[in-house]
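Chains as they are written, first to last, in the working numbering: chain A, 1249 to 1592; chain B, 1249 to 1592.
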């Protein structure tokens, strides 16, 4: 019998805490019968909600914690308050201690990243971690990183991200040699930031066995799905991600307004309702919830803070895949070919 | 009788040259009967096309040029080849020499910016120019800059852009005190890049009479239209712009696919056709064509290279407004309150 996939949950994270985390975990148990949860948070609250989900209850162990990290807590404050005892810290610590294969939290990004960095440590040879997001495209999905772990990146960090993103793509898309592009303001070699050009040169010249470097890509290549992995530093990545989310919402609003303006449009809407629902479903941001922290000695997945049970279940799906298909092992294997390391 | 608005056109710029520029100008003459054109390019070609547009012909003067700058010409090459004689250079020079109130070119951005910088010069006290784009939002439109003139920005440059963007907003939106936000990765004061924080501090403390500084905004605020003017450095701005354009196209594709998948959807589409057309019209990128170069001693407007006559006419509209409502004078007036200058 195969080993279960063990996931630790920070039940107190996010805007809604256990009232979203527990129903989300219940959905995940339906999808993955081999999943086991370690749930950190207020024991009394958790036990009560869990009573409503007998199947999940059977697959879960509750660990009581006293401290919950607020959504607007500064990272330094989160560490000071939470070290060794917050639900967030204990959730990540379970991965460090080998009790869980992956951790999921909807807590605030800065606090979670600080906790993960201190508790798990950054991987050997990796300068700093990154957050990778799944990006829906016209071709399916791409992986985009960094969407906000750190600001700024030198060429070496961009190359590391290319390798880690490709490792994730290998798992998620089941590809031997995922394509990778560097986000830039023009596809010509002469354009853009020096560090991006330098990273491009290293990736091109090192011709890595496990990723195919495709050169520069631009903002509109994200939606096209031109490459499997798009690499950029965290400031730009975060703004690109939020700009795309904002644009999608904006067009959704336009569409809603257009379809309710005239009687003919309303009739048309009724006929095409199923098609609209399929479209809505396709654009549902809850389905691509789950940012993967890459570059740490363990798998941590960040859920949107404001998501619902369906969204939290998506983040658990991501953690499940990363654990099940051994993201850490894949990254370690691919980092053996790291050209930045070899140069050092 | 009021003075006509005089606009110089680079007829050889863009992917399609005169075959788009001339019909575009013809549309603009219909909209603005007081416009006069100085058209630079191949005289023979231009004269022939102009014969088809008698009204435009009457409002135009052709100036022959031998050199056309290609769309993939490097800026340095464009200057070497074109200085004093390309259609692009002469078009900008007409503004410098007081023969035109604004210049419009669909030529390549790098070449046009280099030409404008050398020929027109940067304004006194302005470190470097920026490109401002109109951004459709749920509230109407915002101005976003820099969308790609230069990479990187220090705090002073960001403050300059805030002032220049607000000057443009004053004209375009007819507002006394437009709201301004700095693009960042979080709205909390603790977050983001040092230069952005520093610019925020300067803008907040100087409490300028002609703009209302609203603090940091995030990527999704662009589509919401949270502020009238969004300021960021050129790399991020360019990627945000192209990401939004890409996302809009992507959702358009989804919608098209959804509406043609089933018979019911097709019927619905027929009923709602007018609403869909209105939506398509609203999302038409040709309507917001025209990036304004700010910070130069004269008005230069950059049209998308691949646009058609309708799109080029939009770029002329922008130039017309900037000239008619005296952008240069407004910027100069507002720069008198420049806190960066006063600190220096």
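A virtual CB, placed ideally from N, CA and C, is assigned to each residue, including glycine.
Here the structure is a predicted model, which means the values were calculated and not measured.
Item, Value
"Sheet register partners of residue 1284(A) (DSSP bridge)", "1254(A)"
"Range covered by the alpha helix (DSSP H) that runs through residue 1524(B)", "1521 to 1530"
"Minimum Cβ-Cβ distance from residue 1493(B) to chain A less than 8 Å", "yes"
"Residue 1357(A) versus residue 1543(A): straight-line alpha-carbon distance, rounded", "15 Å"
"Contact belief for residue 1431(B) with residue 1465(B) at Cβ below 8 Å, rounded distance in angstroms", "6 Å"
"Endpoints, alpha helix (DSSP H) assigned at residue 1572(B)", "1557 to 1572"
"8 Å Cβ cutoff met for residue 1354(A) and residue 1321(A)", "no"
"Residue-chain proximity (residue 1293(A), chain B), Cβ-Cβ < 8 Å", "no"
"Chain B residues whose Cβ lies nearer than 8 Å to that of residue 1468(A)", "1490, 1491, 1493, 1494 and 1497"
"Of the residues 1442(A), 1583(A) and 1400(A), the one placed nearest residue 1442(B), counting alpha carbons only", "1400(A)"
"Residue 1382(A) and residue 1458(A) closer than 8 Å at C-beta", "no"
"Per-residue contacts from residue 1428(B) into chain A (C-beta, under 8 Å)", "The contacting residues do not exist; residue 1428(B) stays about 17 Å from chain A at best."
"Inter-residue CB distance, residue 1433(B) and residue 1396(A) (contact presumed, cutoff 8 Å)", "6 Å"
"Partners in chain A for residue 1471(B), counting only beta-carbon separations shorter than 7 Å", "1494, 1495, 1497 and 1498"
"Residue 1670(B) versus residue 1533(B) - alpha carbon distance", "Missing from the structure shown is residue 1670(B); chain B here goes from 1249 to 1592 and no further."
"Among 1513(A), 1467(A) and 1521(A), the one whose alpha carbon lies nearest that of residue 1497(B)", "1467(A)"
"Pairwise C-alpha distance: residue 1538(A) and residue 1388(A)", "17 Å"
"Among 1385(A), 1502(A), 1341(A) and 1410(A), nearest to residue 1447(A) - alpha-carbon criterion", "1410(A)"
"Through-space distance from residue 1494(B) to residue 1471(A), alpha-carbon basis", "5 Å"
"Residue-chain proximity (residue 1484(B), chain A), Cβ-Cβ < 8 Å", "yes"
"Any C-beta of chain A under 8 Å from that of residue 1318(B)", "no"
"Beta-carbon contacts of residue 1391(B) that lie in its chain and below 6 Å, excluding the five residues immediately before and after", "1380, 1413, 1416, 1417 and 1477"
"Beta-carbon neighbours of residue 1386(A), restricted to chain B and to distances below 9 Å", "1497, 1498, 1501 and 1502"
"Spatial distance of residue 1454(B) from residue 1520(B) (CA atoms)", "51 Å"
"Where residue 1373(B) falls: helix, strand or coil (DSSP)", "coil"
"Best match in 1523(B), 1501(B) and 1502(B) for proximity to residue 1508(A) [C-alpha to C-alpha]", "1523(B)"
"Pairwise C-alpha distance: residue 1314(B) and residue 1550(B)", "21 Å"
"Nearest-angstrom Cα separation, counted from residue 1562(A) out to residue 1489(B)", "29 Å"
"Test: residue 1325(A) CB closer than 8 Å to a CB of chain B", "no"
"Burial state of residue 1369(B), where buried means 16 or more other Cβ atoms lie within 10 Å", "exposed"
"Cutoff 7 Å; reference residue 1291(A); Cβ partners in own chain excluding five residues on either side", "1310 and 1312"
"Which residues DSSP lists as bridging residue 1550(A), in chain order", "1353(A) and 1539(A)"
"Spatial distance of residue 1204(B) from residue 1518(B) (CA atoms)", "Within the shown structure, residues of chain B are numbered from 1249 to 1592, placing residue 1204(B) beyond reach of any answer."
"Cutoff 8 Å: residue 1519(A) Cβ touching any chain B Cβ", "yes"
"Runs of alpha helix (DSSP H) wholly within the stretch 1442 to 1469 of chain B (minimum 4 residues, chain order)", "1442 to 1454"
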